[in-house]
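Enquirer: This structure is in structure tokens; I'll ask about it shortly.
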Amino acid sequence: MYLMRRIATRNARPLELLYLALGRVGLALAPALKLCGLERLERPAAWFESWSKGALFDCRMCGRCVLSKTGMTCPMNCPKQLRNGPCGGVRQNGNCEVQAEMKCVWVDAWAGAGRMHRGGRLATLMAPLDHRLKGSSAWLRSLAKRAGDGDAAR
Ligand code: SF4
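Here's what the structure looks like:
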């Protein structure tokens, strides 16, 4: 998992392009998905998202994905679960102060963001985590928001 995470960060740009392409496909399918009812798709979407992003990013299903802002590095792998980092306790070798054998998630996030076209977005302050969304599909929420479905986009 840790190795996959690091590989994802190193390949932030191709993954960003993949995300953009999948986002366009999702948006094209949005009318059909809305007909099915986005609420009905929540469980299968959350399962697929957890499986795929778990393998690639060690996703913790926080429900509000910020990978596209954090260099394709999941901030929920930070032992302090900071949404804005790093914390100031980064070791001289760039590793985490809590888990000394692990590269600081936020050091990776900044490196990954630098490789991305939209890397500058990391410089903006991120909203606190809404724990009520834990376990839900961030993809579906994002799609609903982009497709203008206010209820499902909460
Ligand atoms: S930010 Fe949230 S949804 Fe995105 S990969 Fe991390 S835990 Fe998963």
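Residue numbering for the sequence shown follows the working numbering, starting at -19 and increasing by one per position. Cβ coordinates follow ideal geometry from the N, Cα and C atoms, glycine included. As the structure is a prediction and not an experimental result, all values here were calculated from the model.
(1) Are the CB atoms of leucine 40 and cysteine 54 nearer to each other than 8 Å?
(2) Cβ of glycine 115 within 8 Å of Cβ of tryptophan 90?
(3) Determine the direct distance from the alpha carbon of glycine 68 to that of alanine 93, and round the result to whole angstroms.
(4) Residues in its own chain within less than 7 Å of leucine 47 by CB, not counting five upstream and five downstream?
(5) Taking the Cβ atom as the reference point for each residue, do arginine 101 and lysine 49 lie within a distance shorter than 8 Å?
(6) Got a sec: does the ligand SF4 put a non-hydrogen atom nearer than 7 Å to the Cβ of alanine 118?
Expert: Inspection of the coordinates gives the following:
(1) The residue you asked about is not leucine; residue 40 is arginine in the sequence shown. Result yes, Cβ atoms of arginine 40 and cysteine 54 sit closer than 8 Å.
(2) no
(3) 19 Å
(4) Phe37 and Cys54
(5) yes
(6) yes
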